[in-house]
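Read through the structure below, which is laid out as structure tokens, and then see the notes.
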Amino acid sequence: MVIGEMTQDVDLVVVGAGPGGYPAALRAAELGIKCVIVDSKPKPGGVCLHEGCIPSKALLHAAEAIDSAATASTFGVKFGQPEIDVNQLRAWKQGVTDKLSQGIVGMCKSAGVEIIQGKAIFEDSRTLRIEGGAEGAPARIKFKHAILATGSRPVTLRDLSLTSKRLLDSTGALALEDVPASLLVVGGGYIGLEMGTVYAALGSQVTVVEMTDGLLPGVDRDLVRPLANHLQQRFKSILLNTKVTAVKETKDGLTVTFEGKDAPASATFEKVLVAVGRRPNSDGIGLEKTQVEIDKFGFAVVDEQCRTRDKRILAIGDVSGQPMLAHRATRQGIVAAEVLAGLPSAFDNRAIPAVVFTEPEVAWCGLTDNEAKAQAITVGSAKFPWSASGRAQTLASAAGQTKVLFCPETRQVLGVGIVGPRAGELIAEAVLAIEMGATLEDLVVTIHPHPTLSETIMEAATAASSRLERQQTSKLREASKAAP
Ligand code: NAD
């Protein structure tokens with residue numbers, strides 16, 4: 025058979041080698057399923073590793089170092105102005121992602137999972153055509169099952185449909201070609217605020233334009249407030265309730281026209297980053313030739329076992345719905361592999377943590393105040409301000425808070441929100457608490473190391489528990505007074 029016309033027969037093909045796809049393939053191999061991965065990119069890891077989570081966190085680490093050096097002057101340690109070698113920073117970031125990608129190649133090799141490079145297109149519910157395959161790649165793959173893990177891509181704006189090197193999406197911003205003197209970030213969500221933080225630390229004058237009335241729409245306002253206050257200092261300006269209506273390239277940069285009460289009519293920026301959301305990669309891959317149902321947002325419709333309407337095809341990660349987060353994809357990948365191996369596995373997690381890796385970080389899991397309000401769920405809530413945390417004070421980071429939401433009857437922990445440095449690391453305890461059905465008392469009696477920021481979770485639970493106790497005592501007192 026001529027290479028390139030070959031058809032490979034497999035039990036399972038995983039389409040996409042991101043944080044959903046490769047864990048799915050590794051788990052499937054572990055469970056004895058013969059599988060291959062197909063990915064159009066030469067290096068596995070997906071958007072998360074190459075154009076998302078990992079490179080952005082590498083750059084945010086550099087931003088944190090710059091900011092820490094600046095704030096050290098408050099406790100008498102003074103550094104000079106940082107000298108930023110953009111080429112070295114870019115090379116270091118690339119080194120981080122390359123090493124991790126090599127790690128995935130190594131894990132797949134030792135698990136016997138072949139990675140095929142090429143674009144996979146469904147011809148029917150049993151066959152994939154491989155387009156633009158690398159040397160040695162088969163032309164077609166016949167499969168018993170497929171796991172769709174194709175991820176998502178940035179949304180583009182019609183008003184900003186300009187071809188210009190100055191107009192960036194998240195991939196372009198992470199490429200760190202240079203540090204522009206001025207940067208407009210369109211969208212005050214996860215990506216806009218994380219990348220705005222990076223570029224502001226590197227020296228750009230950053231303006232954020234957000235069409236709603238606050239940054240990180242949907243996130244509880246008390247969690248966003250400390251971040252918004254900090255960003256007001258770090259960014260040149262934040263324009264809320266503002267839309268971009270046009271953009272034009274001029275010799276000095278991109279001239280952007282705004283529509284908003286407090287916005288200037290127009291302004292010119294060296295570069296513009298558009299970060300207004302992501303859309304699932306469910307189009308252009310032949311899914312219409314299968315039974316997979318796609319909803320009005322472009323997501324593949326899945327059940328708790330990650331099965332689509334096509335009995336041979338499962339879907340995981342960004343292509344299968346919100347929230348589009350790498351760790352959700354990973355868990356779903358493992359579930360999908362286990363389901364195919366006949367295990368009683370389901371994606372029924374109670375809490376999916378979300379983290380915005382800004383300075384300070386914002387993290388939450390389980391029920392939020394906004395969701396409780398929208399769903400008319402009665403919740404109790406208690407907060408612990410970091411101004412009362414010894415560890416936060418020693419870190420010169422007192423502008424944080426930890427909030428616990430709970431059921432007033434059962435005292436079960438329903439949600440936790442944290443804002444402050446390292447909130448993303450701290451939230452893991454809360455996720456475990458919610459998964460385990462922990463009550464306030466479970467958090468109260470658990471000894472947390474002192475002095476650490478983790479104590480703030482215990483303290484918020486203690487504040488809630490003490491309040492409930494006081495209410496109980498006063499009810500009993502009232503009852504005993506009323507008794508004959
Ligand atoms: P997002 O949904 O977080 O934020 C987009 C923002 O753009 C919103 O605030 C929205 O109101 C605003 N917006 C939309 N249209 C606009 C317009 N025309 N003008 C001005 N503002 C406009 O989207 P994102 O920041 O692009 O991130 C996409 C997804 O990627 C996130 O939803 C998240 O799932 C994922 N992500 C996660 C992380 C993380 O986990 N730390 C980091 C980056 C991205």
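Heads up: the sequence shown begins at 25 in this note's numbering, then just goes up one per residue. All C-beta atoms, glycine included, are put in the ideal place defined by N, C-alpha and C.
{"Check": "Can you tell which of Gln417, Thr332, Thr279, Met235 has its C-alpha closest to the C-alpha of alanine 299?", "Outcome": "Met235"}
{"Check": "Tell me which residues share the same chain as tyrosine 223 and place their Cβ nearer than 6 angstroms to its Cβ, disregarding the 5 neighbours each side in the sequence.", "Outcome": "Leu207, Val230"}
{"Check": "If leucine 311 sits next to leucine 36, beta carbons under 8 angstroms apart, how far is it from one beta carbon to the other, in whole angstroms?", "Outcome": "So it is not a contact: roughly 18 angstroms between Cβ atoms."}
{"Check": "Going by C-alpha to C-alpha distance, which of Arg491, Ser369, Ala485, Lys58 sits closest to valine 437?", "Outcome": "Ala485"}
{"Check": "Below 7 angstroms, is the gap between the Cβ of tyrosine 223 and the nearest heavy atom of the ligand HEM?", "Outcome": "This structure lacks the ligand HEM; its bound ligands are the ligand NAD."}
{"Check": "Assuming contact is defined by CB atoms lying nearer than 8 angstroms, are alanine 269 and glutamate 283 in contact in what I supplied?", "Outcome": "In the sequence as displayed, the identity of residue 269 is threonine instead of alanine. In this structure, glutamate 283 lies closer than 8 angstroms to threonine 269 by Cβ."}
{"Check": "Check whether the Cβ atoms of alanine 48 and isoleucine 171 sit closer than 8 angstroms, and answer yes or no.", "Outcome": "yes"}
{"Check": "With a CB to CB cut of under 6 angstroms and the five nearest residues on each side skipped, what residues in its chain are close to valine 26?", "Outcome": "Confidence at valine 26 is low in this model, with a pLDDT of 47, below 50, so its placement is unreliable and the value that follows should be read with caution. The answer is none, since no qualifying residue turns up."}
{"Check": "Could you tell me the distance, in whole angstroms, from the CA atom of serine 504 to the CA atom of proline 43?", "Outcome": "59 angstroms"}
{"Check": "Please name the residue, chosen from Asp148, Asp33, Ala173, that lies closest to valine 71 on a Cα-to-Cα basis.", "Outcome": "Ala173"}
{"Check": "How should valine 343 be labelled, buried or exposed, when 16 other C-beta atoms within 10 angstroms of its C-beta is the threshold for buried?", "Outcome": "buried"}
{"Check": "Within the continuous alpha helix (DSSP H) that includes valine 316, where are the two ends?", "Outcome": "That residue, valine 316, is in no alpha helix (DSSP H); it is neither H nor E in DSSP."}
{"Check": "Compare the Cα-Cα distances from lysine 189 to each of Cys59, Leu181, Glu201 and report the closest residue.", "Outcome": "Glu201"}
{"Check": "At what residues does the alpha helix (DSSP H) containing lysine 168 begin and finish?", "Outcome": "Segment 164 to 172 is the beta strand (DSSP E) holding lysine 168; no alpha helix (DSSP H) there."}
{"Check": "Would you kindly report the start and end of the unbroken alpha helix (DSSP H) that includes valine 386?", "Outcome": "Taken as a continuous stretch (DSSP letters only), valine 386 belongs to no alpha helix (DSSP H), being part of the beta strand (DSSP E) at 385 to 390."}
{"Check": "If you draw a straight line from the C-alpha of leucine 264 to the C-alpha of glycine 238, how long is it?", "Outcome": "6 angstroms"}
{"Check": "Output the distance between the C-alpha atoms of arginine 491 and leucine 247, rounded to the nearest integer angstrom.", "Outcome": "22 angstroms"}
{"Check": "Check whether the Cβ of leucine 349 lies closer than 7 angstroms to any heavy atom of the ligand NAD, and answer yes or no.", "Outcome": "yes"}
{"Check": "Answer yes or no: the CB of glycine 208 versus the heavy atoms of the ligand NAD, is any distance below 7 angstroms?", "Outcome": "Here residue 208 is leucine; the residue named in the question, glycine, does not match the sequence. Leucine 208: no, Cβ never under 7 angstroms from the ligand NAD."}
{"Check": "Does the segment 350 to 366 come close enough to the segment 51 to 68 to have 3 or more Cβ pairs within less than 8 angstroms?", "Outcome": "yes"}
{"Check": "Just to check, is the beta-carbon of glutamate 218 closer than 7 angstroms to a non-hydrogen atom of the ligand NAD?", "Outcome": "yes"}
{"Check": "Apart from the five residues just before and just after leucine 429, which ones in its own chain have a Cβ nearer than 6 angstroms to its Cβ?", "Outcome": "Leu391, Val403, Ser405, Leu438, Gly439"}
{"Check": "At the level of alpha carbons, what is the spacing between serine 413 and histidine 254?", "Outcome": "19 angstroms"}
{"Check": "Can you list, in chain order, the residues of its chain whose CB lies under 8 angstroms from that of aspartate 372, leaving out five sequence neighbours each side?", "Outcome": "Glu328"}
{"Check": "I'd like to know whether the C-beta atoms of threonine 463 and arginine 501 end up nearer to each other than 8 angstroms.", "Outcome": "no"}
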